[in-house]
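K.L.:
Residue numbers for the sequence shown follow UniProt numbering, so the first one is 1 and each next one is one higher. Glycine residues also receive a C-beta, built at the ideal position from the N, C-alpha and C atoms. Quantities reported herein were computed from a predicted structural model and do not represent experimental measurements.
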Amino acid sequence: MRPAGRGLLTLGLDYVPQLADLVDKISGVVRSPSSVSCRTGLQATRLCVGSLLRSCHAHLVPALLEACMKLKDNTYWLVKVELAEMIGELSFRALQHLEAVSGCVWRSVCPRMATYQEVLVQGILLDLLGDEDIRVRTAVTASLSKCIPQLYYAEEQPGESAVSAEAAAESSLLLGWLLQDTWSSGPPRVHGLVAPFCCRAQGAAHAEAALSRLLHLLRRRLLTSSNKHLLFIFFL
(Lines of atoms letter the chains of each structure in order from A and count residues from 1; the text may use other names and numbers.)
(Lines give C-alpha, C1' and ligand atoms only; values in the text may rest on other atoms or scores of the structure.)
Protein backbone atom coordinates (compact mmCIF):
# COMPACT_ATOMS: atom_id res chain seq x y z
CA MET A 1 0.00 0.00 0.00
CA ARG A 2 1.12 3.55 -0.69
CA PRO A 3 2.11 5.41 2.51
CA ALA A 4 -0.40 7.89 3.79
CA GLY A 5 0.34 11.40 2.65
CA ARG A 6 2.26 10.32 -0.48
CA GLY A 7 -0.78 11.20 -2.56
CA LEU A 8 -0.73 14.78 -1.26
CA LEU A 9 2.62 15.36 -2.93
CA THR A 10 1.32 14.17 -6.29
CA LEU A 11 -1.56 16.66 -6.00
CA GLY A 12 0.83 19.54 -5.50
CA LEU A 13 -0.35 20.23 -1.97
CA ASP A 14 3.25 20.45 -0.78
CA TYR A 15 3.45 23.95 -2.29
CA VAL A 16 3.96 26.63 0.37
CA PRO A 17 2.29 29.92 -0.62
CA GLN A 18 4.21 33.16 -0.33
CA LEU A 19 3.16 35.90 2.07
CA ALA A 20 2.16 38.12 -0.85
CA ASP A 21 -0.22 35.39 -2.03
CA LEU A 22 -1.86 35.16 1.40
CA VAL A 23 -2.28 38.95 1.64
CA ASP A 24 -3.78 38.95 -1.85
CA LYS A 25 -6.27 36.29 -0.72
CA ILE A 26 -7.29 38.46 2.24
CA SER A 27 -7.73 41.42 -0.10
CA GLY A 28 -9.95 39.26 -2.29
CA VAL A 29 -12.12 38.33 0.69
CA VAL A 30 -12.40 42.01 1.66
CA ARG A 31 -13.57 42.85 -1.87
CA SER A 32 -16.19 40.09 -1.81
CA PRO A 33 -19.79 41.15 -2.60
CA SER A 34 -20.91 39.33 0.55
CA SER A 35 -21.01 41.60 3.60
CA VAL A 36 -20.28 38.65 5.88
CA SER A 37 -17.16 37.83 3.85
CA CYS A 38 -16.11 41.49 3.94
CA ARG A 39 -16.31 41.48 7.71
CA THR A 40 -14.27 38.28 7.87
CA GLY A 41 -11.64 39.88 5.64
CA LEU A 42 -11.50 42.91 7.92
CA GLN A 43 -11.02 40.66 10.93
CA ALA A 44 -8.14 38.93 9.15
CA THR A 45 -6.67 42.32 8.28
CA ARG A 46 -6.80 43.41 11.93
CA LEU A 47 -4.80 40.33 12.89
CA CYS A 48 -1.96 40.86 10.42
CA VAL A 49 -1.70 44.52 9.41
CA GLY A 50 0.13 45.60 12.58
CA SER A 51 2.81 42.95 12.14
CA LEU A 52 3.11 43.70 8.43
CA LEU A 53 3.68 47.41 9.09
CA ARG A 54 6.59 46.60 11.39
CA SER A 55 8.19 44.06 9.07
CA CYS A 56 10.13 44.04 5.82
CA HIS A 57 6.85 43.17 4.07
CA ALA A 58 5.24 46.55 4.77
CA HIS A 59 4.97 47.19 1.02
CA LEU A 60 2.03 44.76 1.02
CA VAL A 61 -0.04 47.00 3.29
CA PRO A 62 -1.20 49.71 0.80
CA ALA A 63 -3.11 47.26 -1.39
CA LEU A 64 -4.72 45.73 1.69
CA LEU A 65 -5.71 49.12 3.09
CA GLU A 66 -7.05 50.17 -0.30
CA ALA A 67 -9.47 47.25 -0.26
CA CYS A 68 -10.54 47.99 3.32
CA MET A 69 -11.08 51.71 2.80
CA LYS A 70 -13.65 51.05 0.09
CA LEU A 71 -15.93 49.44 2.69
CA LYS A 72 -16.78 52.71 4.43
CA ASP A 73 -20.06 52.91 2.46
CA ASN A 74 -21.03 49.27 3.09
CA THR A 75 -24.64 48.91 4.18
CA TYR A 76 -23.94 46.26 6.85
CA TRP A 77 -23.36 47.94 10.21
CA LEU A 78 -21.00 45.24 11.48
CA VAL A 79 -18.68 45.88 8.53
CA LYS A 80 -18.48 49.57 9.48
CA VAL A 81 -17.84 48.65 13.11
CA GLU A 82 -15.05 46.26 12.12
CA LEU A 83 -13.53 48.89 9.83
CA ALA A 84 -13.57 51.51 12.59
CA GLU A 85 -11.97 49.12 15.08
CA MET A 86 -9.28 48.18 12.56
CA ILE A 87 -8.41 51.85 11.98
CA GLY A 88 -8.23 52.47 15.72
CA GLU A 89 -5.49 49.85 16.06
CA LEU A 90 -3.23 51.14 13.26
CA SER A 91 0.17 52.70 13.85
CA PHE A 92 0.03 55.95 11.90
CA ARG A 93 3.72 56.59 12.53
CA ALA A 94 4.52 53.37 10.68
CA LEU A 95 2.13 54.36 7.89
CA GLN A 96 3.81 57.75 7.60
CA HIS A 97 7.21 56.08 7.30
CA LEU A 98 5.84 53.69 4.67
CA GLU A 99 4.56 56.60 2.59
CA ALA A 100 7.86 58.45 2.97
CA VAL A 101 9.99 55.56 1.70
CA SER A 102 7.51 54.52 -0.99
CA GLY A 103 7.25 57.94 -2.60
CA CYS A 104 3.83 58.78 -4.01
CA VAL A 105 1.22 56.16 -3.09
CA TRP A 106 -1.84 56.41 -5.31
CA ARG A 107 -5.23 55.94 -3.66
CA SER A 108 -8.66 55.62 -5.24
CA VAL A 109 -10.33 56.47 -1.91
CA CYS A 110 -10.08 60.20 -1.10
CA PRO A 111 -7.15 60.70 -3.52
CA ARG A 112 -6.96 64.45 -2.76
CA MET A 113 -5.97 63.83 0.84
CA ALA A 114 -2.22 63.86 1.36
CA THR A 115 -1.69 60.93 3.74
CA TYR A 116 -3.29 57.70 4.87
CA GLN A 117 -3.83 59.29 8.25
CA GLU A 118 -6.02 61.98 6.70
CA VAL A 119 -7.99 59.42 4.70
CA LEU A 120 -8.53 57.02 7.59
CA VAL A 121 -9.28 59.61 10.29
CA GLN A 122 -10.92 62.48 8.42
CA GLY A 123 -12.28 60.67 5.38
CA ILE A 124 -13.60 57.56 7.14
CA LEU A 125 -13.85 57.83 10.94
CA LEU A 126 -15.23 61.37 11.03
CA ASP A 127 -17.67 60.52 8.24
CA LEU A 128 -18.85 57.40 10.07
CA LEU A 129 -19.35 59.54 13.16
CA GLY A 130 -22.52 60.76 11.46
CA ASP A 131 -23.82 57.28 10.64
CA GLU A 132 -27.48 56.65 11.38
CA ASP A 133 -26.72 53.50 13.40
CA ILE A 134 -25.77 54.30 16.99
CA ARG A 135 -23.70 51.10 17.20
CA VAL A 136 -21.47 52.40 14.42
CA ARG A 137 -21.14 55.81 16.07
CA THR A 138 -20.23 54.17 19.38
CA ALA A 139 -17.50 52.09 17.71
CA VAL A 140 -16.15 55.16 15.91
CA THR A 141 -15.89 57.23 19.10
CA ALA A 142 -14.02 54.38 20.80
CA SER A 143 -11.65 54.08 17.83
CA LEU A 144 -10.98 57.83 17.80
CA SER A 145 -9.97 57.74 21.45
CA LYS A 146 -7.73 54.72 20.84
CA CYS A 147 -5.91 56.18 17.86
CA ILE A 148 -5.04 59.54 19.46
CA PRO A 149 -1.69 58.31 20.91
CA GLN A 150 -0.84 56.81 17.50
CA LEU A 151 -1.48 59.92 15.41
CA TYR A 152 1.58 61.50 13.83
CA TYR A 153 1.98 65.15 12.84
CA ALA A 154 5.39 66.12 11.50
CA GLU A 155 4.77 69.78 12.44
CA GLU A 156 4.58 68.81 16.11
CA GLN A 157 7.92 67.00 15.97
CA PRO A 158 10.30 69.20 13.92
CA GLY A 159 13.55 67.55 12.98
CA GLU A 160 12.23 64.14 14.01
CA SER A 161 11.27 61.40 11.57
CA ALA A 162 8.42 58.94 11.97
CA VAL A 163 10.97 56.23 12.78
CA SER A 164 12.50 58.16 15.67
CA ALA A 165 9.01 59.08 16.92
CA GLU A 166 8.04 55.40 16.92
CA ALA A 167 11.28 54.48 18.69
CA ALA A 168 10.64 57.11 21.37
CA ALA A 169 7.09 55.84 21.88
CA GLU A 170 8.25 52.22 22.18
CA SER A 171 11.04 53.19 24.60
CA SER A 172 8.58 55.10 26.76
CA LEU A 173 6.20 52.15 26.74
CA LEU A 174 8.79 49.49 27.56
CA LEU A 175 11.26 51.42 29.71
CA GLY A 176 9.13 54.19 31.19
CA TRP A 177 8.64 52.30 34.45
CA LEU A 178 12.41 51.90 34.76
CA LEU A 179 13.26 55.52 34.03
CA GLN A 180 10.46 57.01 36.08
CA ASP A 181 12.26 56.49 39.39
CA THR A 182 15.42 58.20 38.11
CA TRP A 183 13.65 61.28 36.82
CA SER A 184 13.49 64.33 39.03
CA SER A 185 9.94 64.80 40.19
CA GLY A 186 10.43 68.53 40.76
CA PRO A 187 8.84 70.64 43.44
CA PRO A 188 5.20 69.93 44.29
CA ARG A 189 2.62 72.28 42.83
CA VAL A 190 0.80 72.46 46.15
CA HIS A 191 2.87 72.83 49.34
CA GLY A 192 2.44 70.13 51.95
CA LEU A 193 1.23 67.26 49.75
CA VAL A 194 2.29 63.80 50.89
CA ALA A 195 3.47 60.92 48.73
CA PRO A 196 2.47 59.77 46.19
CA PHE A 197 0.63 63.02 45.42
CA CYS A 198 3.71 65.23 45.82
CA CYS A 199 5.26 64.17 42.52
CA ARG A 200 4.81 65.95 39.23
CA ALA A 201 2.68 64.07 36.72
CA GLN A 202 4.45 63.09 33.52
CA GLY A 203 2.48 64.49 30.59
CA ALA A 204 2.31 63.18 27.04
CA ALA A 205 2.93 66.25 24.90
CA HIS A 206 2.48 64.48 21.56
CA ALA A 207 -0.82 62.91 22.61
CA GLU A 208 -2.09 66.27 23.86
CA ALA A 209 -1.15 67.92 20.56
CA ALA A 210 -2.89 65.15 18.59
CA LEU A 211 -5.98 65.50 20.76
CA SER A 212 -6.01 69.25 20.17
CA ARG A 213 -5.84 68.77 16.41
CA LEU A 214 -8.59 66.16 16.48
CA LEU A 215 -10.85 68.44 18.52
CA HIS A 216 -10.24 71.19 15.97
CA LEU A 217 -11.31 68.84 13.17
CA LEU A 218 -14.42 67.85 15.11
CA ARG A 219 -15.30 71.49 15.77
CA ARG A 220 -14.89 72.38 12.11
CA ARG A 221 -17.00 69.38 11.10
CA LEU A 222 -19.69 70.40 13.57
CA LEU A 223 -19.85 73.97 12.27
CA THR A 224 -20.21 72.89 8.63
CA SER A 225 -22.35 69.76 8.97
CA SER A 226 -26.12 69.44 8.84
CA ASN A 227 -26.11 65.73 9.74
CA LYS A 228 -28.57 65.29 12.59
CA HIS A 229 -26.79 62.19 13.92
CA LEU A 230 -23.48 64.02 14.10
CA LEU A 231 -25.08 67.00 15.80
CA PHE A 232 -26.82 64.69 18.25
CA ILE A 233 -23.46 63.38 19.48
CA PHE A 234 -22.09 66.84 20.22
CA PHE A 235 -25.19 68.04 22.04
CA LEU A 236 -25.52 65.03 24.36
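What separation, rounded to the nearest whole angstrom, lies between the Cα atoms of residue 243 and serine 91?
P.N.:
Residue numbering for the chain in the displayed model covers 1 to 236; residue 243 lies beyond these limits and cannot be assessed.
K.L.:
Report the rounded CA-to-CA distance for threonine 10 versus glutamine 122, giving the unit in angstroms.
P.N.:
Note that threonine 10 scores a pLDDT of 45, beneath 50, so its modelled location is shaky and nothing firm can be said.
K.L.:
Leaving aside the five residues before and after leucine 71 along the sequence, list all residues of the same chain whose C-beta is less than 8 Å from its C-beta, in chain order.
P.N.:
Answer for leucine 71: Val30, Cys38, Leu42, Val79, Lys80, Leu83, listed in chain order.
K.L.:
By the three-class DSSP mapping on this structure, what secondary structure does glutamine 18 have?
P.N.:
In this structure, glutamine 18 counts as coil in the three-state DSSP scheme.
K.L.:
Since alanine 100 and proline 149 are thought to touch, with beta carbons under 8 Å apart, how far apart are those beta carbons, to the nearest angstrom?
P.N.:
Incorrect: roughly 20 Å between the Cβ atoms, too far for contact.
K.L.:
Report the option in Val23, Ala209, Ala44, Ser55 whose CA atom is closest to the CA atom of alanine 94.
P.N.:
Of Val23, Ala209, Ala44, Ser55, the residue nearest in Cα terms is Ser55.
K.L.:
What do you reckon, are the CB atoms on leucine 125 and leucine 144 nearer than 7 Å?
P.N.:
Yes, they are a contact pair.
K.L.:
In the structure shown, what three-state DSSP assignment does glutamate 89 receive?
P.N.:
Looking at glutamate 89 - three-state DSSP - the assignment turns out to be coil, as it is neither helix nor strand.
K.L.:
Taking the alpha-carbon positions, what's the valine 136 to valine 23 distance?
P.N.:
So the two alpha carbons sit approximately 27 Å from each other.
K.L.:
How would you write the range of the alpha helix (DSSP H) that cysteine 38 sits in, first residue to last?
P.N.:
That run of the alpha helix (DSSP H) goes 35-53.
K.L.:
Can you give the Cα-Cα distance for tyrosine 116 and isoleucine 87, rounded to whole angstroms?
P.N.:
In a straight line, the C-alpha of tyrosine 116 is about 11 Å away from that of isoleucine 87.
K.L.:
So the candidates are Ser225, Ala20, Pro33; which of them puts its Cα closest to the Cα of serine 130?
P.N.:
Note on residue identity: the sequence assigns glycine, not serine, to residue 130. Nearest option by C-alpha distance: Ser225.
K.L.:
Give the secondary structure of aspartate 133 by DSSP, where H, G and I count as helix, E and B as strand, and everything else as coil.
P.N.:
The answer is coil: DSSP assigns aspartate 133 none of H, G, I, E or B.
K.L.:
Look at the Cβ atom of glutamine 96, then the Cβ atom of tyrosine 153, and state whether they are nearer than 7 Å.
P.N.:
No, the Cβ-Cβ distance between glutamine 96 and tyrosine 153 is not below 7 Å.
K.L.:
From lysine 228 to alanine 142, what does the alpha carbon distance come to, in whole angstroms?
P.N.:
Roughly 20 Å separates the two Cα atoms.
K.L.:
In this structure, does DSSP put arginine 31 in helix, strand or coil?
P.N.:
Note: arginine 31 maps to coil in three-state DSSP.
K.L.:
From this set, Leu211, Ser102, Glu132, which residue's C-alpha is nearest histidine 59's C-alpha?
P.N.:
Closest option to histidine 59, Cα to Cα, is Ser102.
K.L.:
When the distance is taken between beta carbons, is leucine 64 closer than 7 Å to threonine 45?
P.N.:
Yes; because the gap between Cβ atoms is below 7 Å, this pair is in contact.
K.L.:
For threonine 138, tell me which candidate among Leu98, Ala114, Trp77, Val119 has the shortest Cα-Cα distance.
P.N.:
Comparing Cα positions, the closest option is Trp77.
K.L.:
So the alpha helix (DSSP H) proline 149 belongs to, where does it begin and stop?
P.N.:
Careful: proline 149 lies outside any alpha helix (DSSP H) and carries neither H nor E.
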